[in-house]
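2 protein chains.
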Amino acid sequence: MRFFITGCAGFIGSNLTDRLLRDGHEVVGYDNFSTGQQRFLEIAHHSTRFKLVHGDTLNLDSLTSAIQDADFVFHLAANADVRFGTEHPRKDLEQNIIATFNVLEAMRANDIRLIAFASTGSVYGEPQIFPTMEDAPFPVQTSLYGASKLAGEGLIQAYCEGFGFQGYIFRFVSILGERYTHGHVFDFYKSLCANPHELHVLGNGHQRKSYLHIEDCLDAMLLAVEKAHDKVNLFNLGLDEYCEVNDSIGWITQHLGLAPKVIYAGGERGWIGDNPFIYLDCAKIRAMGWQPKLTIKESVIKTVEFLQNNKWVYEERK
Amino acid sequence: MRFFITGCAGFIGSNLTDRLLRDGHEVVGYDNFSTGQQRFLEIAHHSTRFKLVHGDTLNLDSLTSAIQDADFVFHLAANADVRFGTEHPRKDLEQNIIATFNVLEAMRANDIRLIAFASTGSVYGEPQIFPTMEDAPFPVQTSLYGASKLAGEGLIQAYCEGFGFQGYIFRFVSILGERYTHGHVFDFYKSLCANPHELHVLGNGHQRKSYLHIEDCLDAMLLAVEKAHDKVNLFNLGLDEYCEVNDSIGWITQHLGLAPKVIYAGGERGWIGDNPFIYLDCAKIRAMGWQPKLTIKESVIKTVEFLQNNKWVYEERK
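Just so you know, the sequences run in chain order A and B. When we follow the working numbering, the leftmost residue of the first sequence carries the number 1, and every step to the right adds one. When we follow the working numbering, the leftmost residue of the second sequence carries the number 1, and every step to the right adds one.
Here's what the structure looks like:
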C-alpha cells in the first residue's frame, strides 16, 4: 500500500515510516522540519520506496499535490506541545485544527478516504472515571492542545459521515521510546546532565500518568487499521498501568546512578491545564488482539538509553 | 452592563439586542450582514444605548477594536446552516471555528473574560440516550456544523482554564419565532406560498425534533448568565417535548387553511448528517428556575404568523 504520513520526521512519524517501509509498503513522508529531524529519516532514506516532501500542512496546494497517489493517510503532524499552549494559542488553531482541515480537503480533492489521526487522552479534560473509556461522559476541555485535537477528531468524523471517509482516531497517553524529543523524561535527563545534584520538578511529583512505548503504539495502530472497519474507529492507546512522576524520577536516577535533591514547584498540576491523572481504558484495542510488550518502567529506561546514545537530540535542539 | 453581540443582525442576535436594550443595558452589535438583516435592527436603532459596527469576525483587528469596552460577549455570529455543510466545508471552519478563536483573542487582548456561546444539540451527533443530557457519552460528530460548534466549545473551555475566562455554552434545539429566517417552517411556508397544492418533504416526515421559541430561549440564556457561576457553564436549551416533521406540517397547513399533497423524498434522514431524533434533557436549566412559556405547536404557528406578516424576509432573501 501507499501511505502518506504528515509529520514523518517526528517521533511517532519517523518510527511509523521505518515500520511501514520494513513491512514492504511505499511511504510518502511530509514534514516542514519545524520540530522534525532529518536524522530520524536516515534509515528511511535507504529505501527506494520512501519519498520525502518538504512541506507545511498549512500549505493546501503543496499538500494536495504531495498526497495525490496515497491509499491511506496517517496525519501525525501537529503542535504536540501540551504545556505551552497558553503562550501561543494560535499554534494549536493553525497546526492542529486548520492543518487537519487541510489534510481532509487534500484527501477529498484526490478522492482518498482512509485516514488515521494521532489524537490524545487530553481530549478527556479532567475525567471523573478511571480508567477512562472512549465513551466517557462528554468532557470539558482543559487545554488548548486537547481542544484543538478534539476539533481535529470532530472534523474527521464529519468527513466520514459527509464524504464517505473512513477514520481511525487514536487517543494516546504519552508515548516513550527511541526518537522521543519532548516530555518529562527528556526534561529530567537534560536537567540531570547539566546538574546531576538537583532536579526541579513541576507540581508535587504525585501527578499520575500512563505511558506507552512507541513500538507497542505502532503495533496497536496498525492492528486497528487492519482489523477495525467501522466508519469511525476510535481507540484509546495506553497501558493498563500508570505511575507517579516520582516513580519515573526514581527509575531515571537509579538507571543513571544519581541521587539528586528533588525540588518540587508544588501543586497538584505541573502547569495550567495539566491533568493530574491520566489513565485510559484500552479494553477496546486489547479486544482486537493487541498485547503491549513493555511496561512503563521499561519504556522510561529505554527512553533514557536513547537519549544517552543520541546526545545531539537535546544538545542541538532549538 | 455593556454587552457585545456578534451576529447582532441575525435571528437570535437581533432579538437578544432588543431584549438587552429593553432591560436598560448598552449593546455594541457586530455583524457583516452576510445573512443578518438591517431591518431586524430597526427597533434597536431607536436606542441611544445601541451602537452598530459593520465588521467580520474573520477580521481580528476590527473585532479587537469594536469589542474593547465590553463587559460581556455574546458570540452568536456563525454559519448556522446545518444542511449544506458538505457543499462548502470551509465555511464551518472559518465562520464557526476561526471566528470563535478570533472572538476569544479579541477578548483576551482587551482583558474581557465573560463569554456566552450559541452552540447546538448537533454536537451530540446521533445520541443513543433520550432525552440527551449535557454529560451524555462522548459523541461522534455527524455534521460539519456540529463538529465546528464543538470545536468552538472546546476553544472556549480551554480559554476558561488557561486564561481565567468564564464561559456560558448553550446547546440549542432549533429556535423558532419572530425573525426566524431558515429551517423547515421557512422552507415549507415559502414552498406553500409558491404552490399551495403540493409540499415536498426531505426524508420520510418521521424525523423527530425539538424546538424552542426565541423568547423562551432568551429567558434561559439570561437566567443562566445571572445565576450560574462555574468556570464553564454548559446548558441544553429546549422543550421537554418533541414533534415529528409531519406534526409540524399538520399545524402549518391547518393554520394556513391548506391541504397540500405531501410528497416525501424518503429515508430516515432529511440530508447527509441530518439527525433523525433530537430531544435534549433540559433539567439543568429548569433547576435554575427557567419555565418556558410556549409549546412547539404555538412556536410553529407564531413563526408562520411572522412569515405571513413579513413577506420581505423570504421574498428578498438571497
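Every residue, glycine too, gets a C-beta built ideally from N, C-alpha and C.
Who are Gln254 of chain A's beta bridge partners in DSSP?
The partner list for Gln254 of chain A (beta bridge, DSSP) is empty, contrary to what the question assumes.
By the DSSP assignment, the alpha helix (DSSP H) with Lys91 of chain A in it spans what residues?
89 to 92
Identify each residue in the region 85 to 100 of chain A for which the Cβ-Cβ distance to at least one residue of chain B is less than 9 Å, and report them in chain order.
Of all residues in the region 85 to 100 of chain A, only Gly85, Thr86, Pro89, Arg90, Asp92, Leu93, Ile97, Ile98 come within less than 9 Å of chain B when Cβ atoms are compared, listed by chain position.
Determine the direct distance from the alpha carbon of Ser14 of chain A to that of Lys318 of chain A, and round the result to whole angstroms.
Below a pLDDT of 50, predicted positions are generally treated as unreliable, and Lys318 of chain A, at 43, falls in that range; no measurement from the model is reported.
For the alpha helix (DSSP H) that Ala220 of chain A lies in, which residues bound it at each end?
214 to 227
Cβ of Gln141 of chain A less than 8 Å from any chain B Cβ?
yes
State the CB to CB distance for the pair Tyr168 of chain A and Ala224 of chain A, rounded to an integer number of angstroms; the pair is presumed to be in contact (CB under 8 Å).
6 Å
Beta carbons nearer than 7 Å to chain A: which residues of the region 264 to 278 of chain B have them?
Taking 7 Å as the upper bound on Cβ-Cβ separation, chain A lies near residues Ile272, Gly273 of the region 264 to 278 of chain B.
Tell me which residues of the region 69 to 82 of chain A have at least one Cβ-Cβ distance to chain B shorter than 8 Å, keeping chain order.
none
So Val185 of chain B and Ala265 of chain B are supposed to be a Cβ contact under 8 Å. How far apart are they, rounded?
Val185 of chain B to Ala265 of chain B, Cβ: 18 Å. No contact.
Quick one, are the C-beta atoms of Phe138 of chain B and Glu161 of chain A less than 8 Å apart?
no
Is any beta-carbon of chain A found at less than 8 Å from that of Leu60 of chain B?
no
Compute the Euclidean distance between the alpha carbons of Gly10 of chain A and Thr86 of chain A, then round it to the nearest angstrom.
Cα to Cα, the separation comes out at about 23 Å.
Return the bridge partner residues of His200 of chain A from the DSSP annotation.
A:Ile263
With 16 as the cutoff for other CB atoms within 10 Å, does Gly257 of chain B come out buried or exposed?
Around the Cβ of Gly257 of chain B, a 10 Å sphere holds fewer than 16 other Cβ atoms; the residue is exposed.
Between the beta-carbon of Thr17 of chain B and the beta-carbon of Ala44 of chain B, is there less than 8 Å?
yes
Measure how close the beta-carbons of Ala147 of chain A and Gln157 of chain B come, nearest whole angstrom, since I'm counting them as under 8 Å.
6 Å
Following the continuous alpha helix (DSSP H) through Gly125 of chain B, name the residue where it begins and the one where it ends.
From DSSP, Gly125 of chain B is part of no alpha helix (DSSP H); its letter is neither H nor E.
Taking Cβ positions only, does Pro137 of chain B come closer than 8 Å to chain A?
yes
To which residues of the same chain is Phe188 of chain A closer than 6 Å at the C-beta, ignoring the five residues directly before and after it?
Only Ile252 meet the Cβ criterion.
Is the closest heavy atom of the ligand GTP to the C-beta of Ile112 of chain A under 7 Å?
This structure lacks the ligand GTP, and indeed carries no ligand of any kind.
Where Glu126 of chain A and Asp281 of chain A are concerned, what is the direct C-alpha to C-alpha distance, given to the nearest angstrom?
15 Å
Rounded to the nearest angstrom, what separates Asp31 of chain B and Phe3 of chain A at their Cα positions?
44 Å
Give me the Cα-Cα distance between Thr48 of chain A and Gln291 of chain A, rounded to the nearest whole angstrom.
32 Å
To the nearest angstrom, how far is it from the Cα of Gly250 of chain B to the Cα of Gln166 of chain B?
If you take the alpha carbons of Gly250 of chain B and Gln166 of chain B, they lie about 43 Å apart.
Establish whether the CB of Gly162 of chain A and some CB of chain B are separated by less than 8 Å.
Interface with chain B (8 Å Cβ-Cβ cutoff): Gly162 of chain A is included.
Let me check understanding here. Comparing Cα to Cα, which of A:Val82, A:Asp69, A:Val304, A:Ala70 lies closest to Ser191 of chain A?
A:Val304
Comparing C-alpha positions only, which one of A:Asp274, A:Leu307, A:Thr35, A:Arg83 sits nearest to His255 of chain A?
A:Leu307
So, for Lys311 of chain A: in the same chain, excluding its five sequence neighbours on each side, which residues have a beta-carbon less than 7 Å away from its beta-carbon?
none
I want to verify the contact list: residues of chain A whose CB lies under 7 Å from the CB of Leu155 of chain B, in sequence order.
Taking a Cβ-Cβ threshold of 7 Å, the residues of chain A close to Leu155 of chain B are Ala147, in chain order.
Going by CA-CA distance only, name the one from A:Gly24, A:Gly29, A:Thr35 that's closest to Val313 of chain A.
A:Thr35
So does the region 234 to 250 of chain B actually touch the region 209 to 220 of chain B, counting three or more Cβ pairs closer than 8 Å?
yes
Could you pull out every unbroken alpha helix (DSSP H) segment of at least 4 residues lying fully inside the region 105 to 163 of chain A, listed in chain order?
Correct list: 144 to 163.
Would you mind stating whether Glu178 of chain A and Ile129 of chain A have Cβ atoms separated by less than 8 Å?
no
I'd like to know whether the C-beta atoms of Ser143 of chain B and Ser122 of chain B end up nearer to each other than 8 Å.
yes
Can you name the residues of chain A whose CB is closer than 8 Å to the CB of Val103 of chain B?
Near Val103 of chain B there are no residues of chain A at all, since even the closest Cβ is about 12 Å away, more than 8 Å.
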